[in-house]
Structures are given as C-alpha cells and as structure tokens.
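For the record, the sequence lines run as chains A and B. Quick note: the first sequence uses the numbering used here, first residue 1, plus one each step. Quick note: the second sequence uses the numbering used here, first residue 1001, plus one each step. Backbone N, C-alpha and C define an ideal beta-carbon position, used for all residues, glycine too.
2 protein chains.
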Amino acid sequence: MSRPRPRLKEIAEATGFSVNTVSLALRASDRIPEKTRDLIMQEAERQNYFPNQIARSLTKRATHTIGLVLTDIMNPTITLTARSIERLLANAGYGVMFATSDNSLENEKKAMARFQSHQVDGIIVYPTNRSKIRHIQAARDAGFPVLALADLPDSGLDVVAMDDRVGAETAVMHLIARGHKNIVLLDGAFGSGNTEKFDGAQNALKRAKNGPASIAVVDPKGNSSAHGYAVAATILKQTPRPTAVYATTDALAIGVARWCLENEVSIPEDLAIVGCDNSEVSEFGSTPLTTINYASDEVSQKAVERIIALIESETRLAPKTLLFEPRIVVRKSS
Amino acid sequence: MSRPRPRLKEIAEATGFSVNTVSLALRASDRIPEKTRDLIMQEAERQNYFPNQIARSLTKRATHTIGLVLTDIMNPTITLTARSIERLLANAGYGVMFATSDNSLENEKKAMARFQSHQVDGIIVYPTNRSKIRHIQAARDAGFPVLALADLPDSGLDVVAMDDRVGAETAVMHLIARGHKNIVLLDGAFGSGNTEKFDGAQNALKRAKNGPASIAVVDPKGNSSAHGYAVAATILKQTPRPTAVYATTDALAIGVARWCLENEVSIPEDLAIVGCDNSEVSEFGSTPLTTINYASDEVSQKAVERIIALIESETRLAPKTLLFEPRIVVRKSS
DNA sequence: TTGAAAGCGCTAACAC
DNA sequence: GTGTTAGCGCTTTCAA
C-alpha cells in the first residue's frame, strides 16, 4: 500500500550518474570529487532518500541489529537493563529486536531461532533456566555471537552479570549478623533449576559461626508484589516461625511487607525482610527495604561492549565471564 | 567470524533438486509431491537450515518486523504495554524492534528514521510531544503504516489510546466530590505541550457546581518517585495550601506520599492524592493509591490488530481513533 | 573519475 | 513435477 521509496536508481537517473557512483557518493567515498558528491547528496535529500538496510544487509552479511531475549520485562531491573542496552547499542549504530520469554524455555528457543532467521548480528539473552542452555551453547558453537546476562559458570559462554551467589550470601550474612536463626529464602526460580541464590545462602550458613543450620525455601509461584502478598501467610506459618525473609525480587519483598503491615506483624521486629535488585519500589514501597543492589548500568555497559567485540572480531574469541559483586543497601526492613 | 549458514543451494546440491524446488518444498507448496518434499525437508533438518529472512524480505518487500518507539520504558504501564504488544505481534508472526526516545523529540525522529531504513512494515509510536507530530504524519503521508498510542485528535493519524482527558476529568471530579477546593495537578508533560490532562481537569472544574475556579500546575521535572518526593515540599508551600494532588503517574504520587509519611502530613486528611495508571506500585506502595486505570491489555490488543490491518490492507485505510474510557480505582489515598 | 557486471539468498514468472 | 531466468536494492570487484 505504500508509495515505493526512492532507490539509488532514482537518484542516478535524476543526476545522470550511474547507480554505482551514487552509492559511492552517498557513502562519502573519496573516489568521488566533492562537486559530484554534493550534487548527488542534494538530489538524495530532495527525494528524501534513505538507504534500504535490508538490501545493504544482504550484501554485507550484517544487519547491524542485535536480538535481546529477556525473561520478564516487568521486573524493573530487567526493564532498566533493556533500556540501557538499547541506548548504548543505538549509539553504537545497532538496532535492537526484543522478545520476552516469560520464563518459558520454549519461548526463549523460539525467540532465538526467530532472531537468527532475521540474521541479527548477535544475541544477548537473559536465560530462563540456568541448567537448560544447550540451545545457547549450540548458537555459540555455530560461531554465532551470544552473550548471557546470567552467571553460567563453565558453560563456555560469554557472561556479564551480577554475582547472585555472592548477593545471596551477603543478604543472609547480614540477617545472621542481626541474630536471625530462622530464615526463609523466598525464591520462585529455585524450583526450575536456578540454584545460585540458594547456594549463596548455604555459603553464608557455612561461613557464619553461630548461624542456623539450614534455610527453608518457599516458592511464591511468581515474582510480583501480589505473589509476595499471597504467600506471606504461608511463610509465617512455617515452624519454627521464621524471623527473616530474603526475597529474590524487591516486588516480592514489598508484597510480604504489605501483608505484614495489614496483619500487625511489625517489620523488622517480628519479621526482617531483605529484597533484591534495589529497584525504585524498594525505596518507596510500603516499607523502605534493605536490598541487594543490581548494577544495571555496569552490566549493560559491559554487555554491549562485549557483544560488539564478539561481532566485530575477525577471529573467534575465548569466552569471558564478567561478574559484578553486588553490595547491600540497608534500609528499615531489617 | 561465523561459519557460513546453509542456504537453499546447499540443500539443493545434497538432494539433487534445484534451488527453486527446494524453496517450494520447504514452503510446503502443493506443486511438490509429498515424497520429494519429505526428502528435502529431511535434508534441511539435517543441515539445520533456517531461511534467511533478510533475503526473503528483499524479494517480498516486507520484513515482518514492526518498530516500537516508546518514551520511557521505565514507566511500568508503558513496560506492560510493550510486553503485550511484543507477545501479540510474535504470535502474529512479527518481530519487534524497539527504541526509547527518553522524551526527546530528536531521539524519536532518529528512531523512526532508523526503523524506516530497516524497512519495518509499520511503526507503533508513543509520541513524546503531542503537538510535534509532523514527522509521524509525514511517514503516514508517504503511505507508511503508523499508529500512535496517544490521543491525537484531528491529526489524521491512527490512534489507540486511553482517553487522558476523561481520565483527568474523572480524577478531579472525584476530588471535588470529596470537597477539595485547592487541587494541584502534578504534571511533567504539561510544559512540553501535552495539555490533555490539564484540559480534562478544566472540564471537571466547569462541570462541578461548587468546585474550585482553577487548578495549579506543578512540574516535577521527571516522572519517578524520587521526583515526586523531591517536589512534595514545593506543592505544600503553595498558597492557599493545597488539600489534594492529582499526579500524572503513580510513581510521582507514591513519591509525594512517602514525603508526607515522613513529614507528618496525613493522607488523605491533610492531603489527598490520586495517581494515574493503576500500576502495581499504586497497590503496594507506601500508601495504597487511588488511581486512574490504564487498560494496557485492551490498548495493546487493539493497537496490534490495527497496525496489522494497516500493513495488510491493499488500499489505504482512513485513519481511525480508538479511545478507551479509563475508570477510577479508589483506595486509601483520597 | 566513472561505469558495467556480478553477486548477496531468496521468490516468482514462465518454460519444459 | 521440476528447472531456468530474472530480479529485489545494494555493494564490490574490475574495467575503462
């Protein structure tokens, strides 16, 4: 339905030069004298010419587009990362295609396949399940630039991420230092094979001299505040009664906090809460939340640098893992 | 750096058929007998063949990709809309390229130009400034399918959006009904030409029998909770002292609420607050917020339907405006 | 300094 | 039933 857009051919005909000369001129080749170039550029402007990137991509075998596969863009930390990545890539001249897997492995695979069909130059993926990454490795093995935004040790993949293990360890150490003996890990991803936060918590138990022997894991079946609110009663029913919760997202933590507020469980006296990500809601939610910082800017910056390096490198680069150590932000909930 | 991916040619050579036959077979043409087709499909699978969408796009003159230009993806309502749109489009076989303008007109124009260069089949745009839409109209005039996610009356553009005018009117009517005489509109977009919320508020004043004569506008210089928190003191310093605020995002409202909490201004007795969007934070933030609902699912659904209709129509469609009437969600802040 | 020709991987029109 | 040819809009040799 759209009026055909001008091509090099139209400009060539209007100026009397060949398509080739026009192409060269528009790309400011020094093979073309300034005079000719100006003439051609003027005509291009007059016709409101924009190069057809699809045609260009076909010859160059590069689309200058990267694919971004995220789990759940409603998590503000992931949103922020997506935004930063998009901006940095736009500045570097890359477009971004994006997809959300909604934590379904099938969706993640489909999105990656779609992106590869669309000939993206590389893919940045926040994997749904850290133990199901064969399709990501397969892409890399085929020589395709891929970067994972999650800590995947010994996966042979390039990784830029927060060190969740250390984050969880820090959170639990903090709670132990405050004297807590009955700590719940509120973690929806544990059941689906993402054990690094659990592992970090275990490390804290081992390191602490007088900490608890074990930690209970509760699955909120989702990551929103509503899920946290819904599961709060279950947490407090555990025996012995927990005195502290480490929730793997701030939203979950805020949901628990709201339930406590409404049910006369005081925070942090009756229940201490630590969230994760240091999102805006942790500061402005029902209770100012102690939380584990997610260095979104650093992660985005390094991820973009790395994927571009992978794309532009002539040779295959050895995989590199870059993990940031999160710090704890102590507020009123612990 | 990547090993060349298999093309139709490789499959053709392996099976002894021509490239054309292979192409037809893989697209399940009934011109090819089942036996041949199976043979070819098997070989394609064996070689792990995926069609090169770039090449296909070049011949078909369609990329099956749409561009999504948003202002600020950190606004959870916009995030949610982006997610829904991406999913609906993925289901319809379309990929999504996205960009955030960060409320800069320049960025918005650049993103649209980039998308058009990438030959997206259509663009969905949440415009930064409702009075600066010439570039959007230009795209439409050139026959390019465009859809705006904001109420742009008489723009000649296709529109799917919430009716912000009615939303603001509802919010202010609600406050007037509660007896408020000094109402502040906390609106960062007003200064940059987006007056529909202000207009809606004015309508409410006109319609109310015993309401205030005017409404003060305060610019928070941003849309986050931090901005709301920072501007709260300024609001309360106005004379006569305001008794109610209508904030144009929930995040702003929550920021104001948090400041009140910390400065012994009780809500809603000393200050009533109404937010906008009914995002999760309105329910779980420092104070459960009265707010104006944003029907993200409906907007996304209709937007996707419409952009696909525009793309697939043989003829140019007359522009259509679809506005949803928001409803008010009354909680504890008013 | 400029142009002609080939080719990127695919699809479509037309033969055979 | 299957193959040949041309062409999508651009870039890249290679010639002139």
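Asked, Found
"Indicate whether T321(A) and E1086(B) have their beta-carbon atoms separated by less than 8 Å.", "no"
"Give the secondary structure of D30(A) by DSSP, where H, G and I count as helix, E and B as strand, and everything else as coil.", "coil"
"Could you tell me the alpha carbon to alpha carbon distance between S84(A) and S192(A), rounded to whole angstroms?", "28 Å"
"Identify the contact partners of I1054(B) in chain A, using a Cβ-Cβ distance below 8 Å as the criterion.", "I54, S57, L58, T63, H118 and Q119"
"From S29(A) to L39(A), what distance separates their C-alpha atoms?", "14 Å"
"Sorted by chain position, which residues of the same chain lie with C-beta nearer than 7 Å to L1080(B)'s C-beta, five sequence neighbours on each side aside?", "S1296"
"Would you mind reading off the limits of the beta strand (DSSP E) that contains T1321(B)?", "T1321 to F1324"
"Which chain A residues sit within Cβ distance under 7 Å of R1258(B)?", "F284"
"Could you tell me whether the Cβ atoms of L1175(B) and S1334(B) are closer together than 8 Å?", "yes"
"For G1067(B), collect the residues of the same chain with a Cβ closer than 6 Å to its Cβ; drop the 5 residues on either side in sequence, then sort them by chain order.", "M1097, F1115, V1120 and I1123"
"Among D151(A), V329(A) and R7(A), which has the Cα closest to the Cα of A303(A)?", "D151(A)"
"Along the stretch 1219-1243 of chain B, what residues have a CB closer than 9 Å to any CB found in chain A?", "S1224, S1225, A1226, G1228 and Y1229"
"Is any heavy atom in the ligand NAP found nearer than 7 Å to the beta carbon of E108(A)?", "Of the ligands one can find in the structure shown there are none, so the ligand NAP has no counterpart to examine."
"For a contact meaning CB atoms closer than 7 Å, what does F1098(B) contact in chain A?", "E86, V96 and F98"
"What do you get for D158(A), buried or exposed, if any count of 16 or more other CB atoms within 10 angstroms of its CB means buried?", "buried"
"For the beta strand (DSSP E) that contains I1123(B), what are its first and last residues?", "G1122 to V1125"
"Once DSSP output is grouped into helix, strand and coil, what is the label at T1065(B)?", "strand"
"List the residues of chain B whose Cβ lies closer than 7 Å to the Cβ of R340(A), in chain order.", "Any property of residue 340(A) remains undetermined from this structure, which presents chain A solely from 1 to 334."
"Which whole runs of the beta strand (DSSP E) in the stretch 1189-1273 of chain B are 3 residues long or more, in chain order?", "1216-1218 and 1244-1247"
"Which residues of chain A have a Cβ atom closer than 7 Å to the Cβ of A1090(B), listed in chain order?", "A99"
"Closest by CA to M1162(B), which one among F1190(B), G1156(B), K1197(B) and K1181(B)?", "K1197(B)"
"Find the nearest neighbour of R1258(B) within the set C1276(B), H1227(B) and R1165(B), judged by alpha-carbon distance.", "H1227(B)"
"Let's test the definition: count the other Cβ atoms within 10 Å of the Cβ of L261(A) and tell me whether it reaches 16, buried, or not, exposed.", "exposed"
"Taking 8 Å as the cut-off, does the stretch 268-276 of chain A touch the stretch 238-254 of chain A (at least 3 CB pairs, one atom from each stretch)?", "yes"
"Residues of chain A with CB under 9 Å from P1051(B), in chain order?", "S117"
"Starting from the C-beta of T1071(B), find all residues in its chain whose C-beta is less than 6 Å away, skip the five residues before and the five after it, and write them out in chain order.", "S1101, N1103, Y1126 and T1128"
"How about E1280(B): is its C-beta nearer than 8 Å to some C-beta of chain A?", "yes"
"Do you know offhand how far I254(A)'s Cα is from V281(A)'s?", "8 Å"
"Assign T1234(B) to buried or exposed, taking buried as 16 or more other Cβ atoms, counted over all protein chains shown, within 10 Å of its Cβ.", "exposed"
"Any beta carbon of chain A sitting closer than 8 Å to that of R1114(B)?", "yes"
"Which term fits M1(A), buried or exposed, when burial requires 16 or more other beta carbons within 10 angstroms of its beta carbon?", "Note that M1(A) scores a pLDDT of 47, beneath 50, so its modelled location is shaky; the value from the coordinates is reported in the next line. M1(A) comes out exposed."
"Return the CA-CA distance between A1014(B) and T1059(B), expressed in angstroms with no decimal places.", "25 Å"
"Nearest chain A C-beta to M1001(B) closer than 8 Å, yes or no?", "Reliability fails at M1001(B), whose pLDDT of 47 lies under 50, so the model's placement of it is uncertain and no value is given."
"Going along chain A in order, which residues have a C-beta closer than 7 Å to the C-beta of G1255(B)?", "F284"
"Which whole-angstrom value is the C-beta distance of Q47(A) and I78(A), which I expect to be below 8 Å?", "Their Cβ separation, rounded to whole angstroms, is 42 Å, which puts Q47(A) and I78(A) out of contact at 8 Å."
"Can you pull the chain B residues whose beta carbon is under 8 Å from the beta carbon of A261(A), in chain order?", "The question names Ala, yet the displayed sequence has Leu at residue 261(A). Residues of chain B passing the Cβ test: none, with the nearest at roughly 10 Å."
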